[in-house]
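Here the protein sequences line up with chains A and B, keeping their order.
Letter by letter, the first sequence follows residues 1 to 226 in the numbering used here.
Letter by letter, the second sequence follows residues 1001 to 1226 in the numbering used here.
Number of protein chains: 2
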Amino acid sequence: MPAHLFREIENLKREILTLGAMAETAVRDATCAIENRDEALARRVIDDDIKLDEMEVQIEENCLKTLALHQPVAIDLRFIIAVLKINSDLERVGDLAVNVAERAAFLATQPPVDISFDFQAMARQAQEMLKRSLDSLVNLSAEQARAVLRGDDEIDAMNRRMYLIVQDAIHAHPDQTESLIHLLSASRHLERIADHATNVAEDVIYMIEGVIVRHKAEDYRPQADR
Amino acid sequence: MPAHLFREIENLKREILTLGAMAETAVRDATCAIENRDEALARRVIDDDIKLDEMEVQIEENCLKTLALHQPVAIDLRFIIAVLKINSDLERVGDLAVNVAERAAFLATQPPVDISFDFQAMARQAQEMLKRSLDSLVNLSAEQARAVLRGDDEIDAMNRRMYLIVQDAIHAHPDQTESLIHLLSASRHLERIADHATNVAEDVIYMIEGVIVRHKAEDYRPQADR
């Protein structure tokens, strides 16, 4: 690889990991704001989203510059395309963290709701998937990426459980309907954050192996097993 | 432009418009299934999604092949990157149409709910935005694309109104809570479909003008106005 291209790719890797860290922080703070009824923290997540947006635009511009100037091929081309896609996903994770934070800001002003759903367990699962998808990118590990894909069913099941619990809670406490609907929204935002972590993991696998694994359940196994 | 690259780009354009038409059909059928309580139509949308998934993978592979073989620059490079991104958005529109269809399949089995919300008006707005974003791609018209961006606030407002109406309806008819929550979900899926139409329009503007308009409210105006 020419030295210039190598430097650009190292730079892109640094930038996308920075954006990943920013997205992780936003998700963690937004879910903490729900747990601790912390309106100020929620507001900070909302205000800070502009930094993620700026970073996303910068990364996309750098990807395009690198494609135009260096015309990379093979793994380098796949790396840049993967960064372009991961970039969009991380920016949307930031938007979803803002959505969770908006719910947190509202819930902090209302009497606490008491339901038998472990929201924090779901938040941890979403954060864990996001963290692992970024680790798989740092380590260029298709194996770590495949572990992320397997976590997605679990969070979908949590979200479905949340639905049923909220429905029952609305029947039991109709006066808390508004808060319960907001909590349900937050749960769905977490599920979508996990979806984006899954997308990141799929892009990492694609980058490493040159195989598109989307929509193929059987491809969750490592290549050697197929 | 070399003849080979020209042919590849024409082919990509044809493919992405085909995917767009498939996504439009899925959204139209899913919302019709809600309106007409048509479970069979809902099931068809769900079953047909695999065709959109396959088309998405094919388009992505063709984009990457074109990048690797022809190393396009300037507008051609931007075109291919835009197709890559629009491709992801259209595939997700298909997924959201499936989500709406799942709600439709459930609602068809329940007694009808009567709320003062014009769901079909919201469905029409989402479909209109999707159609216009694809028209802006066919016609390579930044002006048409900017009109799509302006429609997004309207659908966000509709979704917020839906929230309030559903909340009141749950208080008035607690026995319909489940159906009402499903209807609220469908409304949010429509809002996300409109978001993806907005993404498509932004990518069309980027392709034509080489300007990233995401996160910049002031850039909704045509360049000449700035």
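All C-beta atoms in this analysis are idealised placements derived from N, C-alpha and C, irrespective of residue type, glycine included.
Keep in mind it's a predicted model, so treat the numbers as computed, not measured.
Review point. Is the segment 130 to 149 of chain A touching the segment 12 to 31 of chain A in the sense that three or more CB pairs, one from each, lie closer than 8 Å?
Key: They touch, by the three-pair rule.
Review point. Is the beta carbon of A/F117 sitting closer than 8 Å to the one on A/R160?
Key: Taking the first sequence and counting its residues from 1, one reaches residue 117 of chain A at position 117. Taking the first sequence and counting its residues from 1, one reaches residue 160 of chain A at position 160. Contact flag unset, no.
Check your understanding: Is the distance from the Cβ of B/I1212 to the Cβ of B/F1119 below 8 Å?
Key -> As a position in the second sequence, residue 1212 of chain B is number 212, starting the count at 1. As a position in the second sequence, residue 1119 of chain B is number 119, starting the count at 1. Judged by their CB atoms, B/I1212 and B/F1119 are not nearer to each other than the 8 Å cut-off.
Check your understanding: Which word fits B/I1050, buried or exposed, when buried means at least 16 other C-beta atoms lie within 10 angstroms of its C-beta?
Key -> As a working note, residue 1050 of chain B is residue 50 in the second sequence. If you draw a 10 Å sphere on the C-beta of B/I1050, you find fewer than 16 other C-beta atoms in it, and that means exposed.
Exercise for review: Would you mind stating whether B/L1183 and B/V1113 have Cβ atoms separated by less than 8 Å?
Suggested key: Against the second sequence, residue 1183 of chain B aligns to sequence position 183. Against the second sequence, residue 1113 of chain B aligns to sequence position 113. Yes. Within cutoff.
Exercise for review: Following the continuous alpha helix (DSSP H) through A/Q144, name the residue where it begins and the one where it ends.
Suggested key: As a first step, residue 144 of chain A must be located in the first sequence, where it is residue number 144. Annotation: the continuous alpha helix (DSSP H) that includes A/Q144 extends over 142 to 172.
Practice item. Give me the Cβ distance between A/L84 and B/I1181, rounded to the nearest whole Å; I'm assuming they're in contact under 8 Å. Key: Locating residue 84 of chain A in the first sequence gives position 84, counting from the first residue. Locating residue 1181 of chain B in the second sequence gives position 181, counting from the first residue. Between A/L84 and B/I1181 a beta carbon distance of about 36 Å is seen, past the 8 Å cut, so the two are scored as non-contacting.
Check your understanding: Is there at least one Cβ from chain A nearer than 8 Å to B/A1224's Cβ?
Key -> One-based indexing of the second sequence puts residue 1224 of chain B at position 224. Confidence at B/A1224 is low in this model, with a pLDDT of 41, below 50, so its placement is unreliable and the value that follows should be read with caution. No, B/A1224 does not count as interfacial toward chain A.
Exercise for review: Give the secondary structure of B/M1122 by DSSP, where H, G and I count as helix, E and B as strand, and everything else as coil.
Suggested key: Counting from one through the second sequence, the residue named residue 1122 of chain B turns up at place 122. It is helical.
Review point. If A/A201 and A/L149 are in contact, beta carbons under 8 Å, what's the gap, nearest whole angstrom?
Key: Here residue 201 of chain A corresponds to residue number 201 of the first sequence, with the count starting at 1. Here residue 149 of chain A corresponds to residue number 149 of the first sequence, with the count starting at 1. The beta carbons of A/A201 and A/L149 sit about 6 Å from each other, so the pair counts as a contact at 8 Å.
**Study point:** Sequence-distant residues of the same chain with beta carbon closer than 6 Å to B/H1189, five excluded per side
**Key:** As a position in the second sequence, residue 1189 of chain B is number 189, starting the count at 1. Only L1096, N1099, V1100 meet the Cβ criterion.
Check your understanding: Do you know offhand how far A/A104's Cα is from A/R78's?
Key -> For this step, residue 104 of chain A is matched to residue 104 along the first sequence. For this step, residue 78 of chain A is matched to residue 78 along the first sequence. A/A104 and A/R78 have their C-alpha atoms roughly 38 Å apart.
Check your understanding: Is the CB of B/H1215 under 8 Å away from at least one CB in chain A?
Key -> Indexing the second sequence from 1 puts residue 1215 of chain B at position 215. It does: the Cβ of B/H1215 has a partner Cβ on chain A nearer than 8 Å.
Exercise for review: Quick one: give me the first and last residue of the alpha helix (DSSP H) that A/A23 is part of.
Suggested key: Mapped onto the first sequence, residue 23 of chain A falls at position 23. Residues 3 to 35.
Exercise for review: Name, please, each residue of chain A whose Cβ falls closer than 7 Å to the Cβ of B/D1181.
Suggested key: Numbered from 1 along the second sequence, position 181 holds the residue referred to as residue 1181 of chain B. Here the sequence assigns Ile to residue 1181 of chain B, which means Asp is not the residue at that position. Per Cβ cutoff of 7 Å: Q167.
Practice item. Report yes if the C-beta distance between B/L1092 and B/H1196 is below 8 Å; otherwise report no. Key: Locating residue 1092 of chain B in the second sequence gives position 92, counting from the first residue. Locating residue 1196 of chain B in the second sequence gives position 196, counting from the first residue. Residue 1092 of chain B is actually Arg in this sequence, not Leu. Their beta carbons are under 8 Å apart, which means B/R1092 touches B/H1196 by this criterion.
Check your understanding: So, are the CB atoms of A/I155 and A/M207 less than 8 Å apart?
Key -> Taking the first residue of the first sequence as position 1, residue 155 of chain A is located at position 155. Taking the first residue of the first sequence as position 1, residue 207 of chain A is located at position 207. Their beta carbons are not under 8 Å apart, which means A/I155 does not touch A/M207 by this criterion.
Point to revise | 7 Å Cβ cut-off: residues of chain B touching A/T18 | key: Along the first sequence, read from residue 1 onward, the residue named residue 18 of chain A stands at position 18. Within 7 Å Cβ-Cβ: nothing; A/T18 doesn't reach chain B, min ~17 Å.
Review point. A/I205 and A/R146 look like a contact to me (Cβ under 8 Å); what is the Cβ gap, rounded to whole Å?
Key: Walking along the first sequence from the start, residue 205 of chain A turns up at place 205. Walking along the first sequence from the start, residue 146 of chain A turns up at place 146. Contact check for A/I205 and A/R146: beta-carbon distance about 7 Å, within the 8 Å limit, so the pair qualifies.
Exercise for review: Measure the C-alpha to C-alpha separation of A/M158 and B/L1069 and round it to an integer number of angstroms.
Suggested key: Numbered from its first residue, the first sequence carries residue 158 of chain A at position 158. Numbered from its first residue, the second sequence carries residue 1069 of chain B at position 69. If you draw a straight line from the Cα of A/M158 to the Cα of B/L1069, it comes to about 45 Å.
Practice item. Return no unless some Cβ of chain A is closer than 8 Å to the Cβ of B/P1002. Key: As a working note, residue 1002 of chain B is residue 2 in the second sequence. The beta carbon of B/P1002 sits no closer than 8 Å to any beta carbon of chain A.
Review point. Residues of chain B with a CB under 8 Å from the CB of A/P174: which are they?
Key: Sequence index remark: in the first sequence, residue 174 of chain A carries index 174 (1-based). Correct list: I1170, H1171, P1174.
Exercise for review: In angstroms with no decimal places, state the Cα-to-Cα distance between B/E1102 and A/G94.
Suggested key: In the second sequence, the residue the question calls residue 1102 of chain B occupies position 102. In the first sequence, the residue the question calls residue 94 of chain A occupies position 94. Approximately 27 Å, taken between the alpha carbons.
Practice item. Would you please verify whether the beta carbon of B/V1100 is less than 8 Å from any beta carbon of chain A? Key: Walking along the second sequence from the start, residue 1100 of chain B turns up at place 100. Taking 8 Å as the CB threshold, B/V1100 stays off the interface with chain A.
Check your understanding: Listed in chain order, which residues of the segment 1070 to 1083 of chain B have Cβ atoms closer than 7 Å to some Cβ of chain A?
Key -> So the list reads Q1071, V1073, L1077, I1081, given in the order they occur along the chain.
Review point. What are the boundary residues of the alpha helix (DSSP H) that A/I212 is part of?
Key: For the purposes of this step, residue 212 of chain A is taken as the residue at position 212 of the first sequence. A/I212 -> no alpha helix (DSSP H), and no H or E assigned at all.
**Study point:** Interface residues of chain B facing A/D53 [CB-CB closer than 8 Å]
**Key:** Indexing the first sequence from 1 puts residue 53 of chain A at position 53. Proximity of chain B to A/D53 at the Cβ level (cut-off 8 Å) is accounted for by R1214, H1215, in chain order.
Check your understanding: Under 8 Å Cβ-Cβ, which residues of chain A neighbour B/E1061?
Key -> For the purposes of this step, residue 1061 of chain B is taken as residue 61 along the second sequence, with counting starting at 1. Scanning chain A for C-beta atoms nearer than 8 Å to the C-beta of B/E1061 yields I212, reported in chain order.
Review point. Nearest CA to the CA of A/D38: which residue from A/M55, A/T109, A/I16?
Key: By 1-based counting over the first sequence, the position of residue 38 of chain A is 38. Looking at A/M55, A/T109, A/I16, the one whose alpha-carbon comes closest to that of A/D38 is A/T109.
Review point. Taking just the CA atoms, how far does A/L90 sit from A/G20?
Key: The residue you call residue 20 of chain A lines up with position 20 of the first sequence. The residue you call residue 90 of chain A lines up with position 90 of the first sequence. So the alpha carbons of these two residues sit roughly 6 Å apart.
**Study point:** A/N62 and A/E10 closer than 8 Å at C-beta
**Key:** Walking along the first sequence from the start, residue 62 of chain A turns up at place 62. Walking along the first sequence from the start, residue 10 of chain A turns up at place 10. Against a cut-off of 8 Å, the Cβ pair of A/E10 and A/N62 comes out as no contact.
**Study point:** is_contact[B/Y1220, chain A] using C-beta, thresh 8 Å
**Key:** Here residue 1220 of chain B refers to the residue found at position 220 of the second sequence. Residue placement at B/Y1220 is poorly supported in this model, since its pLDDT is 45, which falls under 50; the coordinates are not used for a value here.
Check your understanding: Where do the ends of the alpha helix (DSSP H) carrying A/Q58 lie?
Key -> In the first sequence, residue 58 of chain A corresponds to position 58, counting from 1. Annotation for A/Q58: the continuous alpha helix (DSSP H) segment containing it runs 39 to 70.
Check your understanding: What distance in whole Å lies between the Cβ atoms of A/E60 and A/N87, which are believed to be in contact at a cut-off of 8 Å?
Key -> For the purposes of this step, residue 87 of chain A is taken as the residue at position 87 of the first sequence. For the purposes of this step, residue 60 of chain A is taken as the residue at position 60 of the first sequence. Between A/N87 and A/E60, the beta carbon gap of about 6 Å places them in contact (Cβ cut-off 8 Å).
Exercise for review: With DSSP as the reference, label A/I205 as helix, strand or coil.
Suggested key: On the first sequence, position 205 is the one that residue 205 of chain A refers to. Three-state result, A/I205: helix.
Practice item. Measure from the C-beta of B/S1133 to each C-beta in chain A and report whether the shortest distance is under 8 Å. Key: Translated into the one-based positions of the second sequence, residue 1133 of chain B becomes position 133. Contact of B/S1133 with chain A is not assigned, every C-beta pair being separated by 8 Å or more.
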